[in-house]
Amino acid sequence: MRLRSYLLISNAVSFAIIFICLLISYYKMFLSFNETLWLSMITLGAGVLSFVVHFFMIRPVEHSMRLIQQETKRISDGHFQGKVPMIGPTEFQNLAQQFNEMNTKLDESFAQIRSAELARRDLVANISHDLRTPLASIRAFVEALQDDVIQDQDSLERYLNTIRLETQRLNDMINDLFQLSQLEAGVEPFTPEPYYVDNLILETLQSYTLQIEQASLKVDVDLPEILPQIWIVPLQMKRVLANLLSNAIRYSPPAGMLKIEVIQTNASRIKVSITDQGEGISEEEQEKIFERFYRTDKSRNRDRGGAGLGLSIAKSIVEKHKGMIGVESVIPRGSCFWFTMPIYEG
Numbered sequence: 011m012r013l014r015s016y017l018l019i020s021n022a023v024s025f026a027i028i029f030i031c032l033l034i035s036y037y038k039m040f041l042s043f044n045e046t047l048w049l050s051m052i053t054l055g056a057g058v059l060s061f062v063v064h065f066f067m068i069r070p071v072e073h074s075m076r077l078i079q080q081e082t083k084r085i086s087d088g089h090f091q092g093k094v095p096m097i098g099p100t101e102f103q104n105l106a107q108q109f110n111e112m113n114t115k116l117d118e119s120f121a122q123i124r125s126a127e128l129a130r131r132d133l134v135a136n137i138s139h140d141l142r143t144p145l146a147s148i149r150a151f152v153e154a155l156q157d158d159v160i161q162d163q164d165s166l167e168r169y170l171n172t173i174r175l176e177t178q179r180l181n182d183m184i185n186d187l188f189q190l191s192q193l194e195a196g197v198e199p200f201t202p203e204p205y206y207v208d209n210l211i212l213e214t215l216q217s218y219t220l221q222i223e224q225a226s227l228k229v230d231v232d233l234p235e236i237l238p239q240i241w242i243v244p245l246q247m248k249r250v251l252a253n254l255l256s257n258a259i260r261y262s263p264p265a266g267m268l269k270i271e272v273i274q275t276n277a278s279r280i281k282v283s284i285t286d287q288g289e290g291i292s293e294e295e296q297e298k299i300f301e302r303f304y305r306t307d308k309s310r311n312r313d314r315g316g317a318g319l320g321l322s323i324a325k326s327i328v329e330k331h332k333g334m335i336g337v338e339s340v341i342p343r344g345s346c347f348w349f350t351m352p353i354y355e356g
C-alpha cells in the first residue's frame, strides 16, 4: 500500500472517531442538537481542509521518494553516475545527499574493482610473456647443444653464456615479483634506523662501477657539506637507489653524464635526484611509469633487460618510508627521477 493511502486512512479513522464521539455526546444529552450540529460542521470543514492540506503536503514527499526509487533502480542496473535532486522536505534533502554520497562511494569502489581486475589480467599476461621469452631462448640453445649443432668452442661458450644470462634474468624477475608481493602484503620486516644519505649513495655507486665504466659514463655527485641522517631501512633504500641508477645507466647514451644530487627541501625532508641524458619520457608515460610491468618502449626495454618492476618496487619502498617519488622529463633532454625521505629527528 502506498504512503498516501496510509495517511488518508489515518485521517479518515480520526474523523470517524470524532463523529462517533459527537453522536455519543448527543445521545447521552451532553450536547444540544444545535451544538452537535455546529461541532459536526466544524469537524467536517476541518476534515475537508485536512485532506486538502494532506494532498499538497504529500506530493513533494511522494515525488522525492519516486526520484530515490528511480535512482535505486539505476544502481541495481549498474549505473552509479546519477544523482538524486535535493528537493522536497529537509529530511528528504538530507536523505538525497546521503544517497548521493553512497552512490559516489559505490562508483569509486566498483571502479577500483574493475581497475584491480584489469591490473590482475595485465599482470598474468606480462608474467606469462616475460617468463616465456627467456625460457624459449634457453630451450632453443639447449636443444642446439643436445643436437650437436655447435662444434667450435667459441660458439659453445657463447651459447652457454646466453643460457646463463637468460637464467639470471628469470631469477631477477622472480626475486622482483617476490619482493613486490611482500611489500604490498606488508610482510617484509620494516625496522628503520638513522643513516647518512651520502653513505647510501657511495655504497650503491660502488656496486655499479663496472657498468658505468663499460658505458663510458661520467657521474657527478652533488652533496651538501652538512647532511642530516635519514630514517630508513638501509637495505631497502639501497634497492631504490640501485633501481633508479640502473635505469639511468640503461637509457643513457655512451659517454653521457649522470648527475646525483641531494638537497634538503625543508626541516624534515631531503630530496635525492638522479638525472640522465637519455631520450626522455612523454608526459602520458610519466603517469604510468611506476605501474607494474610498464615499459616506456616495450620492445626496446625487453632487449635492454628491463622487466618493468624496478620502479614499481622503488615506489612501494619509498611510500612505505612515508616519502614521495616522481619523475621530471622533457623529450629529448633526458629524465630526472627523484624521491624524498624523512630526516631523522632523534
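The sequence shown finishes on residue 356 if you use this note's numbering, and the numbering steps up by one all the way, no holes.
Note that CB positions come from ideal geometry on N, CA and C, so glycine has one too.
request  = State yes or no: is the C-beta of Ser-326 within less than 8 Å of the C-beta of Leu-237?
outcome  = no
inquiry  = Taking a contact to mean a Cβ-Cβ separation below 8 Å, would you say Glu-167 touches Ile-148 in this structure?
reply    = no
task = Within the segment 216-256, note down every full alpha helix (DSSP H) run reaching 4 residues or more, in order along the chain.
result = 219-224
inquiry  = Per the DSSP calculation, Leu-268 is bridged to which residue(s)?
reply    = Val-229
message = Taking the beta carbon of Arg-302 as the centre, do at least 16 other beta carbons fall within 10 Å, making it buried, or is it exposed?
response = buried
inquiry  = Between Pro-144 and Arg-174, how many whole angstroms is the CB-CB distance? I'm expecting something under 8 Å.
reply    = Not really, about 11 Å apart at Cβ, beyond 8 Å.
query = What do you reckon, are the CB atoms on Asp-286 and Ala-258 nearer than 8 Å?
reply = yes
ask   = CB Ala-357 to CB Ser-256, shorter than 8 Å?
value = The requested residue 357 does not occur in the structure, where the chain is confined to residues 11 to 356.
message = When you compare the CB of Glu-153 with every CB in chain D, is at least one pair closer than 8 Å?
response = Of the protein chains in this structure there is only one, and it is not chain D.
request  = Starting from Thr-201, trace the alpha helix (DSSP H) both ways and give me its first and last residue.
outcome  = No alpha helix (DSSP H) holds Thr-201; DSSP gives it neither H nor E.
inquiry  = Suppose the cutoff is 7 Å on Cβ atoms and the five residues either side in sequence are ignored; what does the same chain contact list for Arg-84 look like?
reply    = Gly-92
query = If you check the beta carbons only, do Pro-95 and Leu-116 fall under 8 Å apart?
reply = no
query = Hey, how far is the Cα of Trp-348 from the Cα of Ser-283?
reply = 4 Å
query = Around the Cβ of Asn-104, are there at least 16 other Cβ atoms within 10 angstroms (buried) or fewer (exposed)?
reply = exposed
task = Inspect the beta-carbon positions of Ser-339 and Ile-291 and report whether they are closer than 8 Å.
result = yes
ask   = To the nearest angstrom, how far is it from the Cα of Ser-217 to the Cα of Arg-131?
value = 35 Å
ask   = Of the residues Met-75, Ile-222, Asp-158, Leu-245, which one's Cα is nearest the Cα of Thr-201?
value = Leu-245
ask   = Is the beta carbon of Gly-356 less than 8 Å from the beta carbon of Pro-204?
value = yes
task = Over the uninterrupted beta strand (DSSP E) stretch that includes Lys-281, give me the two end residues.
result = 279-285
ask   = Across which residues does DSSP place Asn-276 in a beta bridge pair?
value = Arg-279
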